[in-house]
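Following: one structure in structure tokens, then a few remarks.
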Amino acid sequence: MNEDRHIQEVKSATTLRFNDLWRQNFQANRNVIQKNPGVVALAQKFKGVPAIIVGAGPSLDKNINLLGRAQGHSLILASDAALKPLLSHGVLPSIVVSLDPQEEIAKFFQGVSHRGMTLVAPSIIHPRVLDLWQGNVIFFHKHAPDIPVLVEIANQIPGIGRLTPGGSVLSIAYDLAFQSGANPIIFTGQDLSYPQKKTHSRDSEDANIGLGATLEKQRENIVYETDVNGRSLPTLKSMYVSKQWFDWAFTTWKRPGPTEIINCSEAGILTAHCSLMPLSEAIYKYCKKK
84 MNEDRHIQEV
94 KSATTLRFND
104 LWRQNFQANR
114 NVIQKNPGVV
124 ALAQKFKGVP
134 AIIVGAGPSL
144 DKNINLLGRA
154 QGHSLILASD
164 AALKPLLSHG
174 VLPSIVVSLD
184 PQEEIAKFFQ
194 GVSHRGMTLV
204 APSIIHPRVL
214 DLWQGNVIFF
224 HKHAPDIPVL
234 VEIANQIPGI
244 GRLTPGGSVL
254 SIAYDLAFQS
264 GANPIIFTGQ
274 DLSYPQKKTH
284 SRDSEDANIG
294 LGATLEKQRE
304 NIVYETDVNG
314 RSLPTLKSMY
324 VSKQWFDWAF
334 TTWKRPGPTE
344 IINCSEAGIL
354 TAHCSLMPLS
364 EAIYKYCKKK
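Taking my numbering, the leading residue of the sequence shown gets 84, the next gets one more, and so forth.
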């Protein structure tokens, strides 16, 4: 019962907060959306290629030095917040994925080159991000049949394809990897909780946000969940809802051929319906072919 309540609270708050902004952003982006490909172009594009989905959780600091070994041997999909940490370690992700419609996320793209990368962006992304981005862009609609404004937006340019959000940008990255045929699908930096005394990877734009301040500011939105090591960790209701979304996607989505899901974050609360493995082992086992 608590799970359903958390989901409804998060969904209602999101819709109330972003309804107008979604519309404004989409109208500003219409021309550029129509001039660029949609995510349908990536369907089965990476069949059988290992995909590594990189989040900006605190656990990324432990494994970020390993990701260079996977470059050229895997499809690296970075969340927008993980872009700068990866570039600072010499790792060029193939794809950068974004979801948030707010202008604030432009900070993830400022001051670095985007050449050689593709941004996979929602049709309702803030136009400031598109002004900054120098590489290729592929658009998608957020698949949310229970949110009327997003249905209305998707119906206006229906051919670009849809990805299903689950409260986290990494849910979009998972759907993209899934639809592209990538296998296995490997997560790192995917904490969905606060396993250390910080909230983000040390090289991310949000690295200076302290855990204590976050817990105090979000006091009414904090819940506790068991992590990969059996510890009870604080997390936000929104991140807990994302965990539930991943449980749902991992168990109900089907496609031709195998789908192997591996969480290599070595921290956090994503524990069910996936294998747990050190990132070094996954890279050695799966990321061999060019």
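Every residue, glycine too, gets a C-beta built ideally from N, C-alpha and C.
Candidates the options: closest to residue i by CA position
i: Q107; options: S196, I208 and V122; result: I208
i: V75; options: K320, R314, G313 and Q273; result: There is no way to answer for residue 75, as the model of the chain reaches only from 84 to 373.
i: P164; options: G131, A355 and Q273; result: Going by the sequence as given, residue 164 is Ala instead of Pro. Considering only alpha carbons, the answer is Q273.
i: P361; options: I230, N346 and V203; result: N346
i: K167; options: V123, F192, I178 and S263; result: F192
i: V115; options: F222, D103 and F129; result: F222
i: P30; options: G194, G249, L213 and T201; result: Residue 30 is absent from the structure shown; the chain starts at 84 and stops at 373.
i: A355; options: D330, G313 and L202; result: D330
i: F261; options: G199, C357, D310 and R338; result: R338
i: G351; options: G313, D103 and V212; result: G313
i: H226; options: K371, V180, V174 and S206; result: S206
Residue i - partner residues in DSSP beta bridges
i: T309; result: S315
i: H224; result: R245
i: A161; result: V137 and V179
i: L395; result: Outside the displayed span of the chain (84 to 373) sits residue 395, for which this structure offers no information.
Neighbour-count burial assignment, residue i, 16 or more Cβ in a 10 Å radius
i: R245; result: buried
i: L353; result: buried
i: A365; result: buried
i: Y369; result: buried
i: P133; result: buried
i: Q110; result: exposed
i: L125; result: buried
i: G264; result: buried
i: P231; result: exposed
Cβ separation of residue i and residue j, assumed to be a contact under 8 Å, to the nearest whole Å
i: S142; j: S363; result: That belief does not hold up - the Cβ atoms of S142 and S363 are roughly 14 Å apart, past 8 Å.
i: S325; j: S251; result: 4 Å
i: A139; j: S171; result: No, A139 and S171 are not in contact; Cβ-Cβ is about 12 Å, not under 8 Å.
i: V122; j: V203; result: 6 Å
| task | Answer yes if the segment 212-219 comes into contact with the segment 233-243, meaning at least three C-beta pairs across the two stretches below 8 Å, and no otherwise. | result | Because the criterion of three Cβ pairs below 8 Å is not met, the segment 233-243 and the segment 212-219 do not touch.
| Counting Cβ pairs closer than 8 Å, one from the segment 151-160 and one from the segment 182-191, do we hit at least three? | Proximity of the segment 151-160 to the segment 182-191 falls short of the contact definition, fewer than three beta-carbon pairs being nearer than 8 Å.
| task | Evaluate contact between the segment 311-319 and the segment 327-344, counting only Cβ atoms and requiring at least three cross-stretch pairs below 8 Å. | result | Segments in contact, no.
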